[in-house]
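Counting from 1, one number per residue, gives the positions in the first sequence under the working numbering.
Report on one structure; see the data block that follows.
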Amino acid sequence: MTLTHQVKYIAFNALKSLFPEIDINSDMITVNQTKPDFVGDYTIVLFPFVKLLKQKPDILGKNIGNYIIENTTLFQNYTIVSGFLNLTVKDDYWHRFLAKHFNDENYGLIAKIDCRIMVEYSSPNTNKPLHFGHLRNNFLGASVSEILKAAGNDVIKANLVNDRGIHICKSMIAWMRYANGATPIATGIKGDHLVGDYYVLFNDVYKKEVAQLIEAGKPEKTAEKEAPIMQEAQELLRKWEAGDVEVRNLWHTMNGWVYEGFTKSYNRLGITFDKMYYESETYLLGKKIIEEGLNKGILFKKEDGSVWVDLKEDGFDEKLLLRGDGTSVYITQDLGTAKLKYDEFNISQSIYVIADEQNYHISILKLILKKLGEPCAEGIYHLSYGMVELPTGKMKSREGTVVDADDMVDEMIALAKEQTETAGKTEGFTPKELADLYETIGLGALKFYLLRVDPKKKMIFNPKESIDLHGFTATFIQYAHARICSILKKENIPLSLDSNQFANFKPTLPIEKLEKEIISLLEQYPNILAESAKEFNPSTICNYCFLLAQTFNSFYDIHSISKAENEEKKQLRLMIIIMTATTLKNGMNLLGIKVPNKM
RNA sequence: GGUUCGGUAGCUCAGCUGGAUAGAGCAUCAGCCUUCUAAGCUGGGGGUCAUUGGUUCGAAUCCAAUCCGGAUCACCA
1 MTLTHQVKYI AFNALKSLFP EIDINSDMIT VNQTKPDFVG DYTIVLFPFV
51 KLLKQKPDIL GKNIGNYIIE NTTLFQNYTI VSGFLNLTVK DDYWHRFLAK
101 HFNDENYGLI AKIDCRIMVE YSSPNTNKPL HFGHLRNNFL GASVSEILKA
151 AGNDVIKANL VNDRGIHICK SMIAWMRYAN GATPIATGIK GDHLVGDYYV
201 LFNDVYKKEV AQLIEAGKPE KTAEKEAPIM QEAQELLRKW EAGDVEVRNL
251 WHTMNGWVYE GFTKSYNRLG ITFDKMYYES ETYLLGKKII EEGLNKGILF
301 KKEDGSVWVD LKEDGFDEKL LLRGDGTSVY ITQDLGTAKL KYDEFNISQS
351 IYVIADEQNY HISILKLILK KLGEPCAEGI YHLSYGMVEL PTGKMKSREG
401 TVVDADDMVD EMIALAKEQT ETAGKTEGFT PKELADLYET IGLGALKFYL
451 LRVDPKKKMI FNPKESIDLH GFTATFIQYA HARICSILKK ENIPLSLDSN
501 QFANFKPTLP IEKLEKEIIS LLEQYPNILA ESAKEFNPST ICNYCFLLAQ
551 TFNSFYDIHS ISKAENEEKK QLRLMIIIMT ATTLKNGMNL LGIKVPNKM
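Set out below in structure tokens:
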């Protein structure tokens, strides 16, 4: 049980014992950490009880304070400041906490619970390379997966690849028309980029063709439908659905190029999956569910044969589930895949990491499954995140106004290199070590930049301003970790201790302010992890790691570790920094960010 | 228009189960390397927490209305 819980529990018992005749709810008790300007570690807010118990805050505080001091062992004393009861925890508690956990690699991990969760993220289209916005999705999904694992869940990381449909046919038709057989090998262009180039080209040509038709007197809507390249793309889709061998071969080839490219990107980003779904394999699954729904009378058919669901009672409109010609729409496939996931893995929760532009879609998906009586509906949770925008507005692959993910990674690594060299910190590294370091710093900065903001908020990224390596960044945290490692190396202490090197630690001296601040932060790590998991929010971890690193830096500045005032202080501080390093490392790992031992 | 998310320092963001004087980073100004890594530390300036009203001992936080901005309401995915 962490301190916050303990204090609340103690306060509750104190009130119950002091006022047995009055019904007190534990929800009424507010326990906070004491603000830095006041003496104390934890604060109980007295106001809620003043009226109820008919005692003035000062008297009430004294009664509770005295009771707690006399009947529990956690606190050494208390003060009352205008309605706040500030309690100071005994140094002994902090000492024992530290001695118990400082070399525990698994500190903070929550015991296994019987809960299997699937996290679907990334879910790329195979017609274009990843851009900056996709990075937010990938980092979020990967990080939330790790956080949920640390919180005791069994997590399956899934990727549903959008590998079929009209958008794929668009890049195919442009390639057929204009590429002269170009391949990634022949051109030296990464496969996903090559295919993406033809997707952009399709839209250029399409726009021109539409313009020509409009000039020839066609209305805009007609022109959009009749543009030859669009008609060819649709013809391609029909052939694809009919299983035309040539079309399928080309589709297979071009998707293969894209996968090669994606694999390179994923490897570099450190993004992995436990299960791949391909829409081309799942897109027919929804039809069966819909048929059953029709038979049960939950869905209805219009004269043209299209199938609909009526959601008016739930505040929505009617929604099409199957076209008149029997082909599936976007949500048809999702219905099937949702059920498939549930049946295959017996998951109790299914998380979709998808941008907030699809809020409506996912809420309807869940609602329809519920109406159809599918048990998979209950566990569906949309981890909705804000889009990454440029100062000029949304990124659009069609128009080529995107910040490319691969380019961004290159730039960040180059920036890390440049700044390391400028700072003159390249000595003592082999070239391989330096290359690794630049990647650790560059990628770390990128991930942290995208994860440090609350997921549901949209972000504006200005490509002209490079991502900082100072202040609230991964670099700052990595630097704190490297500093600690440097001290430990000089002291000849391994990062992970097997035997308890400080077993005979018998502290007598009072803990100093910054020493206590760090220990207290470390003590809160399990709470932070639990909160982050509950909210599916990695930014909580970002904030925590930064605060811990920041506090360490202040501590480091005024307290010498190697040359501490005496042996006891040296031991204490070594324990503090060992645990700090471990916690920083574990926290950053939850974000998918590595920490170097030297930088 | 319906639904929905957001509006906190010049900029980017924390804080939002109501609690003490609203916090970080960047930028800016002033200090700190003979001492464990200055990618760091210390301090200053910078705020009508969109607006108005309500609930409360107490509101950035909860409620209502209004203003501003985004997303969405496709036989696109």
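Think of the CB as a built atom: it goes at the ideal place given N, C-alpha and C, for glycine as much as any other residue.
One or two residues paired with residue i in a DSSP bridge
| i | result |
| --- | --- |
| residue 80 | 85 |
| residue 328 | 322 |
| residue 355 | 385 |
| residue 75 | 89 |
| residue 561 | Answer is none; residue 561 lacks a bridge partner. |
| residue 348 | Per DSSP, none; premise fails for residue 348. |
| residue 390 | 393 |
Whole-angstrom distance between residue j and residue i, CA atom to CA atom
| i | j | result |
| --- | --- | --- |
| residue 172 | residue 224 | 19 Å |
| residue 423 | residue 435 | 16 Å |
| residue 10 | residue 339 | 47 Å |
| residue 88 | residue 64 | 14 Å |
| residue 313 | residue 245 | 46 Å |
| residue 480 | residue 526 | 21 Å |
| residue 255 | residue 288 | 27 Å |
| residue 488 | residue 495 | 7 Å |
| residue 608 | residue 544 | The requested residue 608 is not part of the displayed model; the chain covers only 1 to 599. |
| residue 266 | residue 466 | 22 Å |
| residue 98 | residue 160 | 44 Å |
| residue 517 | residue 62 | 26 Å |
| residue 505 | residue 569 | 10 Å |
| residue 195 | residue 415 | 29 Å |
| residue 513 | residue 483 | 21 Å |
| residue 111 | residue 152 | 5 Å |
| residue 378 | residue 349 | 8 Å |
| residue 616 | residue 388 | Only positions 1 to 599 of the chain appear in the structure, and residue 616 is not among them; the question remains open. |
| residue 116 | residue 463 | 39 Å |
Buried versus exposed call for residue i [16 or more other C-beta atoms within 10 Å across all chains shown]
| i | result |
| --- | --- |
| residue 478 | buried |
| residue 473 | buried |
| residue 149 | buried |
| residue 408 | buried |
| residue 38 | exposed |
| residue 680 | It is not possible to answer for residue 680, since the shown part of the chain is limited to 1 through 599. |
| residue 538 | buried |
| residue 548 | buried |
| residue 277 | buried |
| residue 300 | exposed |
| residue 333 | buried |
| residue 352 | buried |
| residue 343 | exposed |
| residue 231 | exposed |
| residue 113 | exposed |
| residue 104 | exposed |
| residue 585 | buried |
| residue 449 | buried |
| residue 212 | exposed |
| residue 124 | buried |
Start-to-end residues for the alpha helix (DSSP H) that takes in residue i
| i | result |
| --- | --- |
| residue 237 | 228 to 242 |
| residue 71 | 57 to 71 |
| residue 557 | 539 to 558 |
| residue 253 | 245 to 269 |
| residue 584 | 567 to 590 |
| residue 297 | First-last for residue 297: undefined, no H or E at that position. |
| residue 408 | 405 to 422 |
| residue 440 | 431 to 451 |
| residue 2 | Here residue 2 belongs to no alpha helix (DSSP H), and DSSP marks it neither H nor E. |
| residue 216 | Here residue 216 belongs to no alpha helix (DSSP H), and DSSP marks it neither H nor E. |
| residue 398 | Premise fails: residue 398 is in no alpha helix (DSSP H) and is neither H nor E. |
| residue 526 | 513 to 535 |
| residue 475 | 474 to 490 |
Segment limits, beta strand (DSSP E) that includes residue i
| i | result |
| --- | --- |
| residue 278 | 275 to 278 |
| residue 501 | Where residue 501 is concerned, there is no enclosing beta strand (DSSP E), given that its DSSP letter is neither H nor E. |
| residue 44 | 42 to 45 |
| residue 31 | 31 to 33 |
| residue 310 | 307 to 310 |
Ranges of the beta strand (DSSP E) found wholly within the region 144 to 205, counting only runs of at least 3: When DSSP assignments are scanned along the region 144 to 205, the uninterrupted stretches of beta strand (DSSP E) that are 3 or more residues long and fall wholly within it turn out to be 154 to 161.
Segments of 4+ residues assigned as alpha helix (DSSP H) that fall wholly inside the region 81 to 139: Here the runs fully enclosed are 91 to 101.
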